[in-house]
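In the numbering used here, the protein residues as written are 7 to 289. Read the structure below first, then the notes.
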Amino acid sequence: MKVDLNNYNTNEKYTWCPGCGDYNIHMALKKALVDLEKHPSEVVMSFDIGCNGNGGDKIEGFRVKGLHGRAIPFAVGCHLANRKMTVIADIGDGGCLHEGIDHLIHAIRSNYDLTVLIHNNENFALTTGQITSTTKKGKDMYGFPDGKTEGDINIGELVLSLNPSFYAKGYSNDPMQLTEIIKSGIKHKGFSVIEIIQICPTYNPENSAVILNSKISKVDVTDDIGIARKRITSKDKIYTGVIYQNKKIKDYYSLLKNRKNRNTELVNEVKSYGVSNILNDID
Ligand SMILES: Cc1ncc(C[n+]2csc(CCOP(=O)(O)OP(=O)(O)O)c2C)c(N)n1
7 MKVDLNNYNT NEKYTWCPGC GDYNIHMALK KALVDLEKHP SEVVMSFDIG
57 CNGNGGDKIE GFRVKGLHGR AIPFAVGCHL ANRKMTVIAD IGDGGCLHEG
107 IDHLIHAIRS NYDLTVLIHN NENFALTTGQ ITSTTKKGKD MYGFPDGKTE
157 GDINIGELVL SLNPSFYAKG YSNDPMQLTE IIKSGIKHKG FSVIEIIQIC
207 PTYNPENSAV ILNSKISKVD VTDDIGIARK RITSKDKIYT GVIYQNKKIK
257 DYYSLLKNRK NRNTELVNEV KSYGVSNILN DID
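As structure tokens, then:
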């Protein structure tokens, strides 16, 4: 089936601030799906609450929007129900590393075959710039004028400590590289974590393009976790690209003995039940 960007575009107007990194992340996601010749009818996207999640009505495909921090479990459910679909969870650093951190951890450990895009602008942006666990220690933010007292979570360090099968880092000001990273993540058979350094000119202007551009250095994929760890703990450089990929770790579903030699998906095996009578009984 011939697919182009028009298949993914909607008529909804964007509401992000001028200069927000979400524009490029959104375009990179659409371009990656088009390049992989995925039609919107083959794609499920699970959006979170936040500026990132406000992209949910600006892209075609099957879309769900869950409670804040819950984009990953929704996506996992969709994937397990029907593995023919390409499943993507789209979430901010607040939703993913604060409210939903447990979901991220378990999804990495389970290695479900789906892709998560973490928009890391280092703050809760939709609620006007409060600190999240990725905000740098000492930084003063709205509601914390004397500076953040806690240490910050380095997403790469957390992910690499959990025996992941795929971890990549992209940058919202490099949509071409990000497109290639997203394509690699979708093609990877397992849980693909893609952290995206996201420009947020309104609530995190100190992380400006001028500063970030001077620090970014691109790397090629490695399966050496020692090299990967060095890449994400560098003090001077920010390395982008597929930081680490381990193709030997099997994905969750293929390890399920009771699903061996089954040709149907779980969604085909669910019986349908009429619930209208139950609803009628409620006063
Ligand atoms: C459980 C819960 N806690 C807090 C909120 C309020 N809330 C809505 S959006 C948001 C900020 C989201 O930040 P992040 O996930 O980093 O996404 P961003 O807006 O930065 O893209 C918060 C705190 C909520 N809706 N639900």
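Every residue, glycine too, gets a C-beta built ideally from N, C-alpha and C.
The continuous beta strand (DSSP E) containing His125 extends over residues Thr121 to Asn126. Taking the C-beta atoms as reference points, Ile203 is found no nearer than 8 angstroms to Asn269. Here Arg115 is exposed: its Cβ has fewer than 16 other Cβ atoms, across all protein chains shown, within 10 Å. Taking C-beta atoms as the reference points, Thr246 and Ile231 fail to come closer than 8 angstroms. Restricting attention to Ile97, Cys23, Tyr177 and Tyr259, the CA atom closest to the CA of Val248 is found in Tyr177. Inter-segment contact for the stretch 176-191 and the stretch 25-36 is present: three or more beta-carbon pairs are separated by less than 8 angstroms. Residue Ala77 holds the alpha-carbon nearest to the alpha-carbon of Gly101 among Asn88, Met91 and Ala77. Leaving aside the five residues that flank Thr228 on each side, the residues in its chain whose CB is nearer than 7 angstroms to its CB run, in chain order, Ala234 and Tyr250. If you draw a straight line from the Cα of Gly135 to the Cα of His45, it comes to about 36 angstroms.
Fewer than three beta-carbon pairs drawn from the stretch 46-58 and the stretch 136-155 are found closer than 8 angstroms, and the two stretches are therefore not classed as touching. In summary, Ser278 is exposed, with fewer than 16 beta-carbon neighbours lying within 10 Å of its beta-carbon over all protein chains present. No heavy atom of ligand 1 is found nearer than 7 angstroms to the CB of Leu35.
Of the other Cβ atoms in all chains shown, fewer than 16 fall within 10 Å of the Cβ of Val276; this residue is therefore exposed. The closest heavy atom of ligand 1 lies less than 7 angstroms from the beta carbon of Asp54. Here DSSP, grouped into helix, strand and coil, assigns Asp28 to helix. Taking a contact as a CB-CB distance under 8 angstroms, the pair Asp41 and Asp96 does not count as one, their CB atoms being some 18 angstroms apart.
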